[in-house]
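Some notes on the structure that comes next.
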Amino acid sequence: MNIKKIFSNNQDWIAEKLKTDKDYFKNLSKGQNPEYLYIGCSDSRVTAEELMGVQPGDVFVFRNIANMVPNTDLSAMSIINYAVSHLKVNHIVVCGHYYCTGVKAAMQPADLGILNPWLRNIRDVYRLHKHELDSIADTEEKYKRLIELNVQEQCVNVIKTSDVQKAYKERQIAVHGWVFDVHSGKLIDLKIDFDKILKDIMEIYRII
Ligand code: CO
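When we follow my numbering, the leftmost residue of the sequence shown carries the number -18, and every step to the right adds one.
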């Protein structure tokens, strides 16, 4: 797409918003009070706001390659801290997607330079669930399952943070694992049993 087109699109968007509410941007500039923190993949096909049908101000968004939450990643940890302890979101979503090239790349025997340590986190997910994944003969199905298990493990990483543990005690914050199916456009709730995972991992990871 031509860059000029992007700026003319922006003008159209402003006009569209003002048509229904002349104070739209005036109100938007007052501040944000999102209910959700969304952690998803940077993949250009997985547009967080559009696929959820939400408006500016509704969702605090964090996207990186393969929707990861590594505990040494300053960006991920800062975003969780800010969203949970300052913006006081009540829901955290980790949203993966089928056909994730990040997950696929992680499983190839290739030296990808700076991407190696990032993608190694996905190999760790595979190792944790090797038994189940090795039992799936179909390669496509195996990738799909790895994508789901990666979402689950990143939810666990979210729960390991002190901010989330504190918020759970204070206001029952919820963590959700979702997958977006690029092939059908469907958003799927993996129905991760948050209370059970929390109970299990807290035996080891309790901070507060
Ligand atoms: Co992806």
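Note that the Cβ used here is the ideal one computed from N, Cα and C, for glycine as well.
Assignment of Val65 by DSSP, reduced to helix, strand and coil, places it in the helix class. Judged by DSSP in its simplified three-state form, Cys76 adopts strand. Between Val50 and Tyr17, the CB-CB gap reaches or exceeds 8 Å. Between the alpha carbons of Ile(-5) and Gln36 lies a gap of roughly 14 Å.
At a threshold of 7 Å, Thr82 counts as near the ligand CO, since its beta carbon sits closer than that to one of the ligand's heavy atoms. According to the DSSP secondary-structure assignment, Cys22 is paired through a beta bridge with Asn45. Residue burial is scored here from C-beta neighbours: His78 has at least 16 other C-beta atoms within 10 angstroms and is therefore classed as buried. Sequence-distant partners of Ala57 (beyond 5 residues in either direction) whose C-beta falls short of 6 Å from its own C-beta, in its chain, are Val50.
In this chain, His110 is not harboured by any beta strand (DSSP E), its DSSP state being neither H nor E.
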